[in-house]
Structure formats: C-alpha cells, structure tokens
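Engineer: Chains A and B are the protein sequences, given in the same order. Under my numbering, residues 82 to 398 are what the first sequence spells out, in order. Under my numbering, residues 82 to 398 are what the second sequence spells out, in order. One structure, pasted below without further comment.
There are 2 protein chains.
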Amino acid sequence: MYRPQIKVVDCTIRDGGLANDSHFTLETVRAVYKAACAAGVDFVELGYRNSKEMFSPAEFGPWRFCDEEQLRRAVDGIESDGTRISIMQDAHKAVPEDILPAEQSVVDMIRVATYVKDVDKAIRLANNATDKGYEATINIMAISHEGSPFLDEALQQMEEETSVQAVYVVDSFGALYSEEVHFLVEKYQTYLKTKEVGGHFHNNQQLAFANTIEAIIRGANYLDGTLYGLGRAAGNCPLELLLGFLKNPKFHIEPVLDVISNEILPLAENIAWGYHIPYMLTGVLDQHPREAMAWMKSGVKDEFVEFYRQLTADPGE
Amino acid sequence: MYRPQIKVVDCTIRDGGLANDSHFTLETVRAVYKAACAAGVDFVELGYRNSKEMFSPAEFGPWRFCDEEQLRRAVDGIESDGTRISIMQDAHKAVPEDILPAEQSVVDMIRVATYVKDVDKAIRLANNATDKGYEATINIMAISHEGSPFLDEALQQMEEETSVQAVYVVDSFGALYSEEVHFLVEKYQTYLKTKEVGGHFHNNQQLAFANTIEAIIRGANYLDGTLYGLGRAAGNCPLELLLGFLKNPKFHIEPVLDVISNEILPLAENIAWGYHIPYMLTGVLDQHPREAMAWMKSGVKDEFVEFYRQLTADPGE
Numbered sequence: 082m083y084r085p086q087i088k089v090v091d092c093t094i095r096d097g098g099l100a101n102d103s104h105f106t107l108e109t110v111r112a113v114y115k116a117a118c119a120a121g122v123d124f125v126e127l128g129y130r131n132s133k134e135m136f137s138p139a140e141f142g143p144w145r146f147c148d149e150e151q152l153r154r155a156v157d158g159i160e161s162d163g164t165r166i167s168i169m170q171d172a173h174k175a176v177p178e179d180i181l182p183a184e185q186s187v188v189d190m191i192r193v194a195t196y197v198k199d200v201d202k203a204i205r206l207a208n209n210a211t212d213k214g215y216e217a218t219i220n221i222m223a224i225s226h227e228g229s230p231f232l233d234e235a236l237q238q239m240e241e242e243t244s245v246q247a248v249y250v251v252d253s254f255g256a257l258y259s260e261e262v263h264f265l266v267e268k269y270q271t272y273l274k275t276k277e278v279g280g281h282f283h284n285n286q287q288l289a290f291a292n293t294i295e296a297i298i299r300g301a302n303y304l305d306g307t308l309y310g311l312g313r314a315a316g317n318c319p320l321e322l323l324l325g326f327l328k329n330p331k332f333h334i335e336p337v338l339d340v341i342s343n344e345i346l347p348l349a350e351n352i353a354w355g356y357h358i359p360y361m362l363t364g365v366l367d368q369h370p371r372e373a374m375a376w377m378k379s380g381v382k383d384e385f386v387e388f389y390r391q392l393t394a395d396p397g398e
Numbered sequence: 082m083y084r085p086q087i088k089v090v091d092c093t094i095r096d097g098g099l100a101n102d103s104h105f106t107l108e109t110v111r112a113v114y115k116a117a118c119a120a121g122v123d124f125v126e127l128g129y130r131n132s133k134e135m136f137s138p139a140e141f142g143p144w145r146f147c148d149e150e151q152l153r154r155a156v157d158g159i160e161s162d163g164t165r166i167s168i169m170q171d172a173h174k175a176v177p178e179d180i181l182p183a184e185q186s187v188v189d190m191i192r193v194a195t196y197v198k199d200v201d202k203a204i205r206l207a208n209n210a211t212d213k214g215y216e217a218t219i220n221i222m223a224i225s226h227e228g229s230p231f232l233d234e235a236l237q238q239m240e241e242e243t244s245v246q247a248v249y250v251v252d253s254f255g256a257l258y259s260e261e262v263h264f265l266v267e268k269y270q271t272y273l274k275t276k277e278v279g280g281h282f283h284n285n286q287q288l289a290f291a292n293t294i295e296a297i298i299r300g301a302n303y304l305d306g307t308l309y310g311l312g313r314a315a316g317n318c319p320l321e322l323l324l325g326f327l328k329n330p331k332f333h334i335e336p337v338l339d340v341i342s343n344e345i346l347p348l349a350e351n352i353a354w355g356y357h358i359p360y361m362l363t364g365v366l367d368q369h370p371r372e373a374m375a376w377m378k379s380g381v382k383d384e385f386v387e388f389y390r391q392l393t394a395d396p397g398e
C-alpha cells in the first residue's frame, strides 16, 4: 500500500508514557526521535503537554509536560529530514495557556485527546493550537463506547468549528473488530468533508495492526504506531509492522529495527506490555483496561477464570 | 458472529508439536482435549499420523505418529459431548496404510497437509481417508507462494476427485494481508462448489486472528486456532480470541482460560513462541521461518538489522 497522503505518527514516548508515568530517560527519547527521523516517519509524538495543576511533576516524568526546553534537549543536533514533532493535550487535563506561539516552539502539531462528552473543551484546545500556528488533530478516545447521536454531533462540530487536519478513531479498549473500524471510518467521512480520518488502535485482541490496515483500506490517512507496540497494557500497533505494510519509498525500516533492539527491548525489564489474557478479556468485553492492569499486579495474574468471572459479574437489573 | 456452519478446530497439540518435536506429556494432551471438549470446540487435532520411516520415533514424540493406542490413552474417560478428534497426515511424509478403517479408530477426521506440487499425493491420502469412513480436509500450505495456475488446477482437482469436507488456505509464512485472504477465499470458492473453505493463519505479523476474521467474513467455515497461539515460531491464531469473536452459544471460554493458565503458560519455559522481530521479518518478506528460528537460537537473536540484511541480501540476477 502506497498512498502519498498517508501520515505516520510514532507515539512511542507519548503513549508508552502511560505505562511508566512518562519517566523515559533523555537518552531513550533522543534515540527514538533520531530513529523516527531516519525511518522517514512523518511525526514523532514526544509526550503530553498536560497541566502541572492536574499532574504532579513530583510523580510524573518530564514527557507528561513536555516543557519547551526539555523538548529542545530531546531534539537538538538531530537531523530531522522532514520528520516533525507532535505533542498531545488531554481535553480535560490541559490548558490553552501552556501552548506558546508556534514560531517560539519546536512543536509542529498538537493533538487533542478527548471523550465525546468533552468535545467543546477539545475544540477550544484545538482552535487554540491552530490559532497559534500549529497543525492540530482531535483524537476521540474510547470510541467503542460511543453509540449515541452525540458522536455524530461532535463530528459535525469538529467539521464546522475547527481547522484540524484530522479526527481520529481511538480504540482505547482494544475492543473493535474490522467491521466496526470500517463502519466508524465511513461515519467519520460522512461528517468530515474537509478533514482526514486518523486511526489509533490498541492490541488487546492482537488487532491493532489489522485494524490500522482496515482503516487505511477505508481511506484513513493519519496512522499511529509505536516501536514494538510499546504502550499501556497490551500496547499499540507496532510501528515496524505498519512500515512493513506501507510501500511508500520514503520509509526505512532499519533504523526502527535498530532502536527496538537497543532501546525498546531493554525497557521490558520495567514495563510489561503486550498480549496477556487479562488485557485480552477486557478487550473482548469492551471494558477499560484498568481492572486488567490491577489484576496483572495482583499476585494471581494467571488466575484467568477468576478474573473473567469478576469482569462478567452480573450487576443486577 | 454466529454462523451455525462454522467448525472450529483446536490444533494446539498438532501444530504446537512442530515447536517441540511432538513431545507433549500425556497429561498435557489429556488436559487440552478435556478443555476443548468442555469449550464446545468442534474438532481437536491431537497430532500427525506421519510415517515412522520418515520420522524417527527415537527423535520425535508420540504425537507425531498418533498410534491408535496412544490416542485412546489421551481421550479415555473424558466426556466429549460432540467434540470430535482429528489427526493430520503430510502428503509427502505419510502413507495410506497407517490409517485403519474408521470404525476401528477413535479418529473422526483426517486432514492432509500439502503443497500444490504434491496435490496428487494429497488426493490419494484424502481419498484413502474418506474411503475408510473418515471425514477429511486438504490443507494447502505455503499458500502465499502460490501464484501460478497450478493452484487453480489443484483446486479444480480437489473439487472433482475428492469428497473432502473442506480445503484450507494455510498461511505457513504468516505473510498474508487481509486483501490477500479475501482474494484467496474467493478463488477457492470459485472452484469448490461442493466443499467448504478453511483458514489456518500464522502470527508473524500479528495477523493470524485478523486474517481468520477476514476469512469468516468471506465465508470460510473451517477455522483453526491454538491455545494462547501455541505453535512454531510466531504461532497461530489464539483459540481464546476466536471463541471470543464467535457468538455461537455452544462455545464456552472458561475451560480455555483454565487450561491456558494451568497447562499452556508453563510450556513457555521450554518453547519460545509468539511475536518476535525475526519472525516478523520473515513474515513481511514472505519467507519460510526457518532462518528466523535459527537466528533466535544464534546467540545474537536481538541483532535485528544484521538479520534483516541477511534476509534481503541480493541473490544476483
């Protein structure tokens, strides 16, 4: 598959930061950025710019805040060759005042993560970003729980009230099957006449890469991956698989293989991500992974039947 | 997805036997059989019945041969409740004389694995099986390497010259993308007017489950999985994911979760299966996994760039 419009976003540090409270070393972040640049990836997302009022800098690492001087330390001296820098703001946990005018920043794109219910907060942050000279996207999280007409309304608002580049389908729970990806991308396209559709998928059911392909087939052009799938719980679409699928000649896989070998695999000593039955079960059941993450630390993590019964306990009528 | 015609085949012991030379303990095989029966799986494949002339019983475990008395030891006293027993013969490594008349055997189905070039051997073994009273299938291996008209001829022969239940798309190299699964299932259906299509997918690119779903969507009704994806190299479609997707009320997931916890996870001490970059690379490059398996034992298994260069070395014109 080669489609020149396709933009690949490596969000290893940003999404992986959900697994380690954004405590990556500067060396790791520089290595990831350098590899993504050498691989020809379109954007590298280096973290969140969330509010220090809502996240304690004593608890969370620097990539939860992405202070401008920290970002400069991460990228200084590395030849980007067209690769641009992204950061994320959570609609309900970030403030517009934390965003400098684009010409004073190394950041090129600001992605706003939101639930449908927070659409107005998201639009405010997205417009703040584009008004200050950045590209922007809005990423609608937990999309598998959005069956209501409010999603349609939110998409219509994003089309009319913003100038973002793309709006994302985000399968936070790793619950979607290909037919649902197909349905959602087409629904988005119905409303987003002037914007691209993006896809960000989690791997609870080993479908993150497959769902990314399905989104591509249906016309999505903004695609997220992380190195070796690094991310919270089951992780994400592995960037190396996505680049192996895309035939765009600007992409190079060797830098990706190299950084996985030297920087990402060693992280497995402290971060457990990937396919595990508790994560699979919350995915199949379309539930938030938080109970699975707690179960994985419970000391009885391989007692799958007990966990399944906990997840499926009848709440009563 | 609920389609009553769907038949699920658990081939944990058979395909997993490629990862340990079929050296499972009797206790493990009994536990897997019991779990599959309790889960409502349609068939359990307990191994190969290959020739002792071509495989040494000194080197390979009993599930490479599946002697009748060994199979009886595996299943005696376990309530099957409709779950039936399958074994596999390799077209080029098995002989018809090793198959008893069905009424003298605990086996219900014989699956013949073949390359397109061995189609006549496969048809001989399949007809031997159906003549003796078994159900049978033919499983066409390494299908990603079959671009020639010989595949079409082989499918036509299987339709005309056999009475097998199904003919399988087998992605031995874990190379297929969904569009190719779509194409192949439809091609099979063009020739197989009186037979079902089956799907068996490997997980080199984390697509085994997704490709199984794609095959289901296109009408394939014989579907293979293994517990926790156990199998050679990257492994197979995880049975637990497949049962989570299928809504057929006869399936029960708890016995599957239980046997994974108690029997399959402990096997990981001696068998390394699952997603690893060397397997991913042979999948992306549509190559046999043998070089990746050797690399994984080489002492430099995480030197991915070096392995990639080895795989992509130009053979010359």
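Where is the CB? At the ideal position from N, CA and C, for every residue including glycine.
Where does the unbroken beta strand (DSSP E) through Y258/A begin, and where does it stop?
Structural biologist: Here Y258/A belongs to no beta strand (DSSP E), and DSSP marks it neither H nor E.
Engineer: Have a look at K328/B and P177/B and give me their C-alpha separation to the nearest angstrom.
Structural biologist: Going by the C-alpha atoms only, they are around 38 Å apart.
Engineer: By the DSSP assignment, the beta strand (DSSP E) with D305/B in it spans what residues?
Structural biologist: 303-306 is the extent of the beta strand (DSSP E) around D305/B.
Engineer: With DSSP as the reference, label I334/B as helix, strand or coil.
Structural biologist: Coil.
Engineer: The alpha helix (DSSP H) that contains M222/B, what's its start and end?
Structural biologist: First-last for M222/B: undefined, no H or E at that position.
Engineer: Classify A315/A as buried or exposed, calling it buried when 16 or more other Cβ atoms lie within 10 Å of its own Cβ.
Structural biologist: A315/A should be labelled buried.
Engineer: Check each residue of the segment 287-302 of chain A: if its Cβ is closer than 9 Å to any Cβ of chain B, include it; give the result in chain order.
Structural biologist: Answer in chain order: Q287, L288, A289, F290, A291, N292, I294, E295, I298.
Engineer: Quick one: what does DSSP say P347/A is sitting in, helix, strand or coil?
Structural biologist: Three-state result, P347/A: helix.
Engineer: Does P319/A pass the burial test, meaning 16 or more other C-beta atoms within 10 Å, or should it be called exposed?
Structural biologist: Buried, because 16 or more other Cβ atoms sit within 10 Å of the Cβ of P319/A.
Engineer: Which residues in the same chain have their Cβ closer than 7 Å to the Cβ of K276/B, if we skip the five residues on either side of it in sequence?
Structural biologist: Correct list, in chain order: E240, V245, Q246, A247, V248.
Engineer: Give a yes or no on contact between the segment 281-289 of chain A and the segment 247-265 of chain A, applying the rule of three or more CB pairs nearer than 8 Å.
Structural biologist: Cβ pair count under 8 Å is three or more, so yes.
Engineer: Closest to T211/A by CA distance: which of V90/A, M190/A, F264/A, T363/A is it?
Structural biologist: Checking every option, the nearest Cα to that of T211/A belongs to M190/A.
Engineer: For the segment 322-351 of chain A, list every residue whose C-beta sits within 8 Å of some C-beta in chain B, in sequence order.
Structural biologist: Taking 8 Å as the Cβ-Cβ cut-off against chain B, the residues of the segment 322-351 of chain A that qualify are L322, G325, F326, I334, E335, L338, D339, I341, S342, L346.
Engineer: On a Cα-Cα basis, can you pick out the residue from E227/B, I224/B, N220/B that is closest to A172/B?
Structural biologist: Measuring from the Cα of A172/B, the nearest candidate turns out to be N220/B.
Engineer: Considering Cα atoms alone, identify which of Y356/B, N351/B, D162/B is closest to H104/B.
Structural biologist: Answer by Cα proximity: N351/B.
Engineer: What beta strand (DSSP E) runs, 3 residues minimum, are completely inside the segment 173-239 of chain A?
Structural biologist: Correct list: 190-195, 216-221.
Engineer: Determine, using beta carbons only, whether V122/B and Y114/B come nearer to each other than 7 Å.
Structural biologist: No, the pair does not count as a contact, with Cβ atoms beyond the cut-off.
Engineer: From this set, V193/B, G279/B, E140/B, Q185/B, which residue's C-alpha is nearest G214/B's C-alpha?
Structural biologist: Checking every option, the nearest Cα to that of G214/B belongs to Q185/B.
Engineer: Helix or strand or just coil, what does DSSP make of P143/A?
Structural biologist: Residue state, collapsed to three classes: helix.
Engineer: Rounded to a whole number of angstroms, what is the C-alpha to C-alpha distance between E335/B and I341/B?
Structural biologist: Going from the Cα of E335/B to the Cα of I341/B covers about 10 Å.
Engineer: With a CB to CB cut of under 6 Å and the five nearest residues on each side skipped, what residues in its chain are close to F388/A?
Structural biologist: Here the set comprises P359, W376.
Engineer: Following the continuous alpha helix (DSSP H) through Y389/B, name the residue where it begins and the one where it ends.
Structural biologist: First-last of the alpha helix (DSSP H) with Y389/B: 385-392.
Engineer: With A289/B as the anchor, note down where its alpha helix (DSSP H) starts and where it stops.
Structural biologist: Unbroken alpha helix (DSSP H) run through A289/B: 289-298.
Engineer: Have a look at G364/A, A194/A, G158/A, E216/A and flag the residue whose alpha-carbon is nearest the alpha-carbon of A183/A.
Structural biologist: Minimum Cα distance to A183/A is reached at E216/A.
Engineer: Taking all protein chains shown into account, decide if S229/B is buried (16 or more other Cβ within 10 angstroms of its Cβ) or exposed.
Structural biologist: Burial call: exposed.
Engineer: Note down, in chain order, each residue of its chain lying with its Cβ closer than 6 Å to the Cβ of A203/B, except the 5 sequence neighbours on either side.
Structural biologist: A172, V193, T195, I219.
Engineer: Classify L366/B as helix, strand or coil using the three-state DSSP reduction.
Structural biologist: Here L366/B sits in coil by DSSP.
Engineer: Which residues does DSSP list as the beta-bridge partners of I87/A?
Structural biologist: BP columns for I87/A are empty, so no partner.
Engineer: How many whole angstroms separate the CB atoms of A112/A and E344/A, which I take to be in contact at a CB cut-off of 8 Å?
Structural biologist: At roughly 5 Å, the Cβ-Cβ gap stays under 8 Å, so A112/A and E344/A are in contact.
Engineer: Is L107/B buried or exposed, if buried means 16 or more other CB atoms sit within 10 Å of its CB?
Structural biologist: L107/B should be labelled exposed.
Engineer: What would DSSP say about F105/B, mapped onto helix, strand or coil?
Structural biologist: The answer is coil: DSSP assigns F105/B none of H, G, I, E or B.
Engineer: Quick check: what's the CA-CA separation for L322/A versus I294/A?
Structural biologist: C-alpha separation (whole angstroms): 10 Å.
Engineer: Flag this pair as yes or no: are the beta carbons of G128/B and W144/B separated by less than 7 Å?
Structural biologist: For G128/B and W144/B, yes; Cβs fall inside 7 Å.
Engineer: Just the Cα atoms here: how many angstroms apart are F141/A and E372/B?
Structural biologist: Rounded to whole angstroms, F141/A to E372/B spans 43 Å at the Cα level.
Engineer: Residues in the same chain with beta-carbon distance under 6 Å from I175/A, minus the five sequence neighbours each way, listed in chain order, please.
Structural biologist: Before going further, note that residue 175/A is Ala rather than Ile in the sequence given. These residues qualify, in order along the chain: N131, S132.
Engineer: For L366/A, which residues of its own chain have a beta-carbon under 6 Å away from its beta-carbon, when the five flanking residues on both sides are left out?
Structural biologist: Counting only Cβ-Cβ distances below 6 Å, and skipping sequence neighbours, we find L392.
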